[in-house]
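Heads up, the sequence shown is in UniProt numbering, so the first residue is 1 and it goes up one at a time.
Below is one structure, written out as structure tokens; the observations come after it.
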Amino acid sequence: MDSQNSTEVLHDFSPRFLIYKDGRVERLRKDVIVPPSYDPLMGVHSKDVKISESASARVYRPDNIPENTKLPVFIYYHGGAFCQFSAFNTRYHKYLNSIVSEANVIAVSVNYRLAPEYPIPACYEDTWDVTKWVLAHSAGTGPDPWIAQWGDMSRVFLAGDSAGGNMSHNMLAQAAREGLLNQTTKIEGVILVHPFFAQGKLDEIVDFLSERKMGVMDPRFNPMAYPEQMKKEVVCDRVMVCVDKEDELREVGIAYYEALKGSGCEGKVELLETSGGGHVFHLKNQEHEKSCEFLKVMASFINQSK
Numbered sequence: 001m002d003s004q005n006s007t008e009v010l011h012d013f014s015p016r017f018l019i020y021k022d023g024r025v026e027r028l029r030k031d032v033i034v035p036p037s038y039d040p041l042m043g044v045h046s047k048d049v050k051i052s053e054s055a056s057a058r059v060y061r062p063d064n065i066p067e068n069t070k071l072p073v074f075i076y077y078h079g080g081a082f083c084q085f086s087a088f089n090t091r092y093h094k095y096l097n098s099i100v101s102e103a104n105v106i107a108v109s110v111n112y113r114l115a116p117e118y119p120i121p122a123c124y125e126d127t128w129d130v131t132k133w134v135l136a137h138s139a140g141t142g143p144d145p146w147i148a149q150w151g152d153m154s155r156v157f158l159a160g161d162s163a164g165g166n167m168s169h170n171m172l173a174q175a176a177r178e179g180l181l182n183q184t185t186k187i188e189g190v191i192l193v194h195p196f197f198a199q200g201k202l203d204e205i206v207d208f209l210s211e212r213k214m215g216v217m218d219p220r221f222n223p224m225a226y227p228e229q230m231k232k233e234v235v236c237d238r239v240m241v242c243v244d245k246e247d248e249l250r251e252v253g254i255a256y257y258e259a260l261k262g263s264g265c266e267g268k269v270e271l272l273e274t275s276g277g278g279h280v281f282h283l284k285n286q287e288h289e290k291s292c293e294f295l296k297v298m299a300s301f302i303n304q305s306k
């Protein structure tokens with residue numbers, strides 16, 4: 001190996017990653033991966049499940065579920081600009097334990113391949129594999145015993161932060177396109193937290209990471225440009241779009257909310273604006289008072305009466 005090529009930077013996307021001339025990728029924000037476990041403080045069990053060759057998930061359930069009880073199923077997509085982080089890292093594992101404890105749900109935290117090693121749409125393919133796997137647990141059947149026994153498949157919720165908020169929209173849309181939703185398998189609500197979308201210009205890093213170069217008109221990144229498609233594909237009872245006043249993605253989050261509300265989709269669309277301290281503040285400092293308040297809002301959204 002040419003030692004100069006191994007140290008010379010070809011693409012610099014600080015503070016996210018560097019690509020060297022020899023093809024090596026260095027992520028500048030390091031992940032600390034933790035194993036599944038029982039959290040006695042939260043009263044939550046977790047386990048890891050391999051869904052396909054490239055997709056996996058961490059499944060969570062509360063302790064001591066009463067017999068014959070069915071709980072909402074909460075599918076979570078982590079953020080990181082499609083190129084960072086893992087569902088199995090310390091931050092997301094802690095957050096999923098908290099939401100399961102607070103909202104009393106069965107949760108599935110989705111782990112997917114990251115760009116640039118696996119260009120977009122690999123992340124969407126993996127998230128769809130996991131989403132489809134979860135939706136297959138109808139009528140008390142399916143490959144996972146926790147979801148089959150305790151999951152209420154008529155009360156599925158999708159949620160995610162940043163790039164994961166984008167995935168929440170796209171997974172709902174794909175489920176609608178493929179005809180997987182009915183009275184027994186239903187996505188009741190979607191929570192998009194500080195979601196990434198594009199409007200006017202596609203983010204430079206996302207454009208670089210994408211295999212298909214459609215730019216700002218790519219419906220995965222800019223569903224707002226296709227209101228009729230939004231109306232047909234956002235088929236759920238409730239959508240909550242969360243933005244923060246100090247987040248650089250605030251304006252595009254509001255644009256998504258306004259486009260969805262204006263599309264005439266059947267469900268209720270609401271906007272939650274916080275002053276919590278910027279992008280994904282609720283993950284960065286989970287013990288902060290505003291983060292705890294936000295967690296309660298998410299749990300309330302899941303458990304509110306239809």
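Cβ atoms here follow ideal geometry from the backbone N, Cα and C, with glycine treated the same way.
Between SER275 and LYS245, the C-beta gap is smaller than 8 Å, which places the two residues in contact. THR69 sits in coil when the DSSP states are folded into three classes, being neither helix nor strand. The DSSP-derived three-state label of MET42 is coil. With respect to PRO227, ALA259 sits close: the two C-beta atoms are nearer than 8 Å.
At the C-beta level, LEU192 and VAL156 stay beyond 8 Å of one another. Taking the CA atoms as reference points, TYR124 sits about 11 Å from ALA115. Between the C-alpha atoms of ARG24 and VAL206 there is a straight-line separation of about 19 Å.
If you check the CB distance, PRO36 and LYS47 come in under 8 Å.
Contact between PHE85 and ALA103 is absent: CB atoms are separated by about 22 Å, not below the 8 Å threshold. Note on the region 136-212: whole beta strand (DSSP E) runs with a minimum of 3 residues are 151-161 and 187-193, in chain order. For the set GLU117, VAL243 and ALA163, the Cα lying nearest the Cα of TYR20 is the one of GLU117. In this structure the region 81-99 does not touch the region 174-191; the number of beta carbon pairs closer than 8 Å is below three.
In chain order, VAL243 place their CB closer than 6 Å to the CB of ARG250, counting only its own chain and leaving out the 5 sequence neighbours on each side. Counting every other CB atom within 10 Å of its CB across the protein chains shown gives ILE33 a total below 16, marking it as exposed. Within the region 207-285, the complete beta strand (DSSP E) segments at least 3 residues long are 238-244 and 268-274, listed from N- to C-terminus. Counting of Cβ neighbours within 10 angstroms places ASN89 among the buried residues, the total reaching 16 or more.
THR131 counts as buried, since no fewer than 16 other beta carbons sit within 10 angstroms of its beta carbon. Here DSSP, grouped into helix, strand and coil, assigns LEU295 to helix.
When DSSP states are grouped into helix, strand and coil, VAL108 belongs to the strand group.
In this structure, PRO121 keeps its C-beta atom at 8 Å or more from the C-beta atom of GLY165. Distances from the CA of VAL297 to each of LEU272, LEU283, GLN286 and GLY277 were compared; the closest alpha carbon is that of LEU272. For the 8 Å CB-CB criterion, PRO62 and SER101 form a contact. Looking at the DSSP output, TYR60 shares a beta bridge with SER46 and ALA107. The three-state secondary structure of LEU114, taken from DSSP, is coil. Counting C-beta atoms within 10 angstroms of its own C-beta, VAL239 has 16 or more neighbours from the protein chains shown and is therefore classed as buried.
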